[in-house]
Amino acid sequence: MDSSIEEIDDTESSFCSLWSTAHTKIDCVELFSNPNLGDDYFFNRLNIQANCSNISDTLNFIKNNHPYGLNNYYIHLIHNNKNSITKLNISKFGTMKILTLDINKYTTHGSKHVEIKVVDKVLLNDWIDVFCRSFDSLETKNEVTTIISQHYDKFTLLIAYYYIDEIKFPAGCCLLFEKNGKIGLYCLGTTYQFRRKGVARELISNAIKIAKNKGYDSIILQTLTKERFEEFYKRLGFKTLYKKILYTFYLN
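Here the numbering used here is used: the sequence shown runs in plain steps of one and ends on residue 323.
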C-alpha cells in the first residue's frame with residue numbers, strides 16, 4: 072500500500088478510536104466498537120489489514136467473543152486489498168471514497184446568510200445538538216457529549232449559523248482532526264431545514280482556511296457513495312484518492 076494512504080488510513084483509525092468504548096487488534100483485524108452510538112457504519116467497524124490469511128477464523132472469533140452489545144459490525148476493506156471476503160457470504164453495504172483536495176487551488180466562497188465559528192466551550196452544546204440533529208441521532212446525544220467533551224482539545228470544531236431576518240439559527244457542523252502530518256474533515260452535517268442553502272460549502276471553505284493557516288497543502292474527507300454527496304465534493308475540487316468496500320457483518 073502507498074505510504075501516504077497508510078498514513079491517511081491510520082489518521083482515520085485514530086479518529087475512530089476516540090469514539091470507541093472498545094478498540095483492539097485481533098490478528099489482522101482492527102476492531103472499533105461503541106454500542107452507544109447506535110448502528111453507525113463509520114464508528115462500529117472492523118478494519119481488515121492487507122495480506123490477512125485467516126479472515127474467516129478471525130471474524131468467527133470476533134463474532135463469538137467481541138459482540139459488545141452490537142447486532143453487526145461494518146467491515147472496511149481498502150479496494151486494492153488482496154484479501155477477498157466474497158466467499159464468506161457477507162453482504163456488501165456500500166463503497167466509501169476517500170477524497171483529497173489541493174488547498175492551494177481552492178477558491179474560497181462566501182455567503183451573507185451563513186456565519187462560521189470555531190467552537191469554544193461556550194458553544195459546545197450548540198455543536199453537539201447540531202451534530203445529532205444533522206445525523207438524525209438525537210438518541211446518542213449523551214454519548215456524543217461525553218466523547219466531544221473528553222477529546223475537545225484534539226479537535227477543531229466548527230459550527231455554522233444561518234441568518235433569517237437577523238436571527239441566527241444553528242445549521243451545520245464539522246470538525247478537523249490532525250495526525251501523521253495529515254488533516255481530515257469529519258462529521259460534516261447540516262440540519263434538515265438548512266440543507267441546500269450553502270451551509271456545507273461554507274463549513275468546508277472555512278475548514279480549508281484553517282488547514283491552510285496550519286501549513287497543510289491538502290485536506291481529506293470521506294463520503295459514502297450511496298449518500299450521493301460525491302458530485303458536490305467534486306464540484307469543489309475534491310478528487311478520489313482511494314476507496315473502501317464496506318460489508319455488513321452480522322453477529323446474530
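Note that the Cβ used here is the ideal one computed from N, Cα and C, for glycine as well.
Next item on the list: Give the secondary structure of ALA278 by DSSP, where H, G and I count as helix, E and B as strand, and everything else as coil.
Entry: helix
Checklist line | Nonlocal neighbours in the same chain, by C-beta distance under 7 Å from GLY140, ignoring five residues either side | finding: Excluding residues within five positions, the ones whose Cβ falls inside 7 Å are PRO106.
Item checked: C-alpha gap between SER127 and TYR144, whole angstroms -> 15 Å
Notebook entry, point to check: For the stretch 160-209, which segments carrying the alpha helix (DSSP H) assignment without a break, of at least 4 residues, lie completely within its bounds, in sequence order?
Noted result: 195-205
Margin query: Per the DSSP calculation, ILE133 is bridged to which residue(s)?
Written below: Its beta-bridge partners do not exist; DSSP assigns none.
Check: Three or more C-beta pairs closer than 8 Å, one from the stretch 164-182 and one from the stretch 304-311: is that the case here?
Finding: Yes, since at least three Cβ pairs between the stretch 164-182 and the stretch 304-311 fall closer than 8 Å, the two stretches touch.
Check: Are the beta-carbon atoms of CYS203 and LEU209 separated by less than 7 Å?
Finding: Taking 7 Å as the cut-off, the Cβ atoms of CYS203 and LEU209 count as close.
Checklist line | ARG116 in three-state terms, based on DSSP | finding: strand
Note to self: So, at 8 Å on beta carbons, what are the nonlocal neighbours of ASP81 in its own chain, with the 5 sequence-adjacent residues on each side left out?
What the structure shows: LYS250 and ASN251
Next item on the list: Please specify which runs of the beta strand (DSSP E), each continuous and at least 3 residues long, are wholly inside the stretch 208-244, giving them in chain order.
Entry: 226-235
Notebook entry, point to check: Which residue's Cα is closest to the Cα of GLU298: LEU117, THR166 and TRP90?
Noted result: Considering only alpha carbons, the answer is THR166.
Item checked: Sequence-distant residues of the same chain with beta carbon closer than 8 Å to LYS134, five excluded per side -> In chain order, PHE320 and LEU322 place their CB closer than 8 Å to the CB of LYS134, counting only its own chain and leaving out the 5 sequence neighbours on each side.
Next item on the list: Ignoring anything shorter than 3 residues or poking outside the stretch 253-316, list the beta strand (DSSP E) runs there in chain order.
Entry: Counting whole runs of 3 or more residues, the stretch 253-316 contains the beta strand (DSSP E) stretches 253-261 and 289-295.
Checklist line | Close-in-space but distant-in-sequence residues of the same chain around LEU295 (CB under 6 Å, 5 per side omitted) | finding: Closer than 6 Å at the Cβ level, and outside the excluded window around LEU295, lie GLY165 and MET167.
Next item on the list: Spell out a yes or no on whether the stretch 232-251 and the stretch 177-185 are touching, meaning 3 or more CB-CB pairs, one atom from each, closer than 8 Å.
Entry: yes
Note to self: Just to confirm before moving on: does the CB-CB distance between LEU228 and ASN277 stay below 7 Å?
What the structure shows: no
Next item on the list: Count the other CB atoms, across all protein chains shown, that sit within 10 Å of the CB of TYR318; report buried if there are 16 or more and exposed otherwise.
Entry: buried
Check: Between the C-alpha atoms of ILE290 and LYS314, what's the straight-line distance to the nearest angstrom?
Finding: 16 Å
Next item on the list: Go through its chain and collect everything with a Cβ distance to LEU246's Cβ below 6 Å, but skip five positions before and after it.
Entry: PHE226, LEU228, TYR257 and CYS258
Margin query: Based on DSSP bridge pairs, tell me the residues matched to PHE248.
Written below: PHE226 and GLY255
Next item on the list: Tell me where the beta strand (DSSP E) around ILE104 begins and ends.
Entry: A small fix is needed here, since residue 104 is Ser in this sequence, not Ile. From DSSP, the beta strand (DSSP E) with SER104 extends over 100-104.
Next item on the list: Note the first and the last residue of the continuous beta strand (DSSP E) segment covering THR95.
Entry: 93-97
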